[in-house]
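K.L.:
Structure provided below as structure tokens; questions to follow.
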Amino acid sequence: MFAKLFRSLKNLTSSDVAMDLGTANTLVYVKNGGIVLDEPSIVAISTNGNGEGHVEAVGLEAKKMYGRTHAGLETIRPMKDGVIADFNMTNLMIITFINKVMSRFWFLRPRMVVGVPTCITQVEKKAVIDAAKMARVREVYLVEEPMAAAIGVGIPVHKAEGNLVIDIGGGTTDVAVTALSAIAYGESIRIAGDEMDEAIARYVRLQHHMNIGIFEAERVKIEIGSAYPLEKERTTEVKGMNIKTGVPTSITINDSEIREAMREPIASIVLVVLRALEKTPPELSSDIHSNGLYLTGGGALIRGLDKLIEERTGLRTYVPDEPLLSIVKGAGAVLDNFSEMRKVCIN
Ligand SMILES: Nc1ncnc2c1ncn2[C@@H]1O[C@H](COP(=O)(O)OP(=O)(O)OP(=O)(O)O)[C@@H](O)[C@H]1O
Ligand SMILES: [Mg+2]
């Protein structure tokens, strides 16, 4: 009886949270509860003539409104290129998401581990911490996203051993070498999934004289996009608007066209991996040669990207089962084993 009561009390008091605050998606893990939230990082606000805004929706609801807004309604992606582009909106988004998962535990003040971009400035760090505090979070710990990703895929980051992780998100691609609970070497570029969507939209405009929305471009990327020639051709219908006539129209497009469209951003990503390998100190580099590379983030799901990276680097490249969840899983692992893992946090 007492044991049961103690257990349920313990469950209640360990409602600490971990968050992956991404450009494209925000995910939240609750200790003992698993991943409880996975929503796009989007806020919809209505504006009156005086420039005052009122929040209409956040996350999934806001994404539905994207591109379908009118003069008085605007959708914002407050995190752009992996950094906080709009402080107030990021703040509001964090508060909304935390409140959403914590409403059952309104009487508790949780601890939070949050994954942040490697290039985060002091001002941005403070913004994240302030937002969490406003959502009644008791203690906030920041962990760099590639470190969280490495932990999430099961790399023993505390060992005196080098491992290389490539995290391809919406806004940024991070390449990081972890060793002894720290990032021994890191590179970050603002070229990732969003850039590929834009490249696809640009290609369709130039080659097929058709304007397509950014989410339509993303759908095409997910359905038929690839980094390496496929064994079997893939095609999809693309809907947009004819540039000259302004009339809605559609075309069928195949994987080789989309591969061509995505060639430049993918080449930039491969280049940054090669550069990181070149600049990594020799001891760590020899570990990486035996351990291989790990690919995480939504970009890891691009068909054949692992194969292309293997071909260019000559190193085995692994993609975990759920690469979109690596960072939140890693941040969750820090929370679960806080006393041993807190040294990976940067504040
Ligand atoms: N199956 C797929 N194939 C290709 N790309 C995909 C797939 N699924 C998701 N993506 C892309 O992955 C990106 C989102 O990945 P992720 O959620 O890791 O980014 P994020 O963490 O929000 O961004 P960042 O790390 O840059 O802040 C988007 O560009 C999305 O289009
Ligand atoms: Mg990310």
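Numbering (this note's numbering), first residue to last: 542 to 888.
Positions of the beta carbon are idealized from the N, C-alpha and C atoms, including for glycine.
I'd like to know if the stretch 692 to 703 and the stretch 777 to 793 are in contact, where contact means that at least 3 CB-CB pairs between them fall below 8 Å.
P.N.:
As far as the Cβ criterion goes, the stretch 692 to 703 does not touch the stretch 777 to 793, which means the pair count is below three.
K.L.:
For residue 707 versus residue 713, is the C-beta spacing smaller than 8 Å?
P.N.:
No, they are not a contact pair.
K.L.:
Considering Cα atoms alone, identify which of 571, 685, 607 is closest to residue 584.
P.N.:
Comparing Cα-Cα distances from residue 584 to each of 571, 685, 607, the minimum goes to 607.
K.L.:
Closest by CA to residue 832, which one among 594, 683, 720?
P.N.:
Nearest C-alpha to residue 832: 720.
K.L.:
Go through the residues and name those whose CB comes closer than 5 Å to any heavy atom of ligand 2, in chain order.
P.N.:
Per the Cβ criterion, the list is 563, 710.
K.L.:
Contact between the stretch 649 to 664 and the stretch 560 to 572 is defined here as three or more beta-carbon pairs at a separation below 8 Å; is this criterion met?
P.N.:
The stretch 649 to 664 vs the stretch 560 to 572: in contact.
K.L.:
Based on the DSSP secondary-structure assignment, which residues constitute the bridge partners of residue 653?
P.N.:
DSSP output for residue 653 lists 558, 681 as bridge partner(s).
K.L.:
If I measure Cβ to Cβ from residue 687 and keep anything under 6 Å in the same chain, skipping five residues before and after, which residues do I get?
P.N.:
Counting only Cβ-Cβ distances below 6 Å, and skipping sequence neighbours, we find 706, 708, 715, 717.
K.L.:
If you run the structure through DSSP and keep just helix, strand and coil, what is residue 724?
P.N.:
If DSSP states are grouped into helix, strand and coil, residue 724 belongs with the strands.
K.L.:
Since residue 763 and residue 776 should fall inside the 8 Å C-beta cutoff, what is the C-beta to C-beta distance between them, to a whole number of angstroms?
P.N.:
Going by Cβ atoms, the distance from residue 763 to residue 776 rounds to 14 Å, so no, they are not a contact pair.
K.L.:
Would you check if the distance between the CB atom of residue 650 and the CB atom of residue 678 is smaller than 8 Å?
P.N.:
Yes, the Cβ-Cβ distance between residue 650 and residue 678 is below 8 Å.
K.L.:
Examine ligand 1 and report whether any of its heavy atoms sits within less than 7 Å of the Cβ of residue 631.
P.N.:
No; taking the cut-off as 7 Å, the Cβ of residue 631 has no heavy atom of ligand 1 nearer than that.
K.L.:
Is any heavy atom in ligand 1 found nearer than 7 Å to the beta carbon of residue 713?
P.N.:
Result yes, Cβ under 7 Å from ligand 1.
K.L.:
List the DSSP bridge partners of residue 834.
P.N.:
Partner(s): 705, 858.
K.L.:
Going by DSSP, which residues form a beta bridge with residue 844?
P.N.:
Partner(s): 767.
K.L.:
Would a C-beta distance cut-off of 8 Å place residue 754 and residue 565 closer than the cut-off?
P.N.:
No, they are not a contact pair.
K.L.:
Residue 685: beta carbon under 7 Å from a heavy atom of ligand 1?
P.N.:
Flag unset: Cβ of residue 685 not near ligand 1.
K.L.:
Please list the terminal residues of the continuous beta strand (DSSP E) segment that includes residue 616.
P.N.:
From DSSP, the beta strand (DSSP E) with residue 616 extends over 614 to 617.
K.L.:
Mind checking whether residue 710 and residue 623 have CB atoms under 8 Å apart?
P.N.:
Taking 8 Å as the Cβ cut-off, residue 710 and residue 623 qualify as a contacting pair.
K.L.:
Using only the alpha-carbon positions, how far apart do residue 780 and residue 748 sit?
P.N.:
If you take the alpha carbons of residue 780 and residue 748, they lie about 14 Å apart.
K.L.:
With 16 as the cutoff for other CB atoms within 10 Å, does residue 840 come out buried or exposed?
P.N.:
Buried: at least 16 other Cβ atoms inside 10 Å.
K.L.:
Closer than 8 Å by C-beta to residue 602: which residues in its own chain qualify, once you throw out the five before and the five after it? Chain order, please.
P.N.:
Closer than 8 Å at the Cβ level, and outside the excluded window around residue 602, lie 585.
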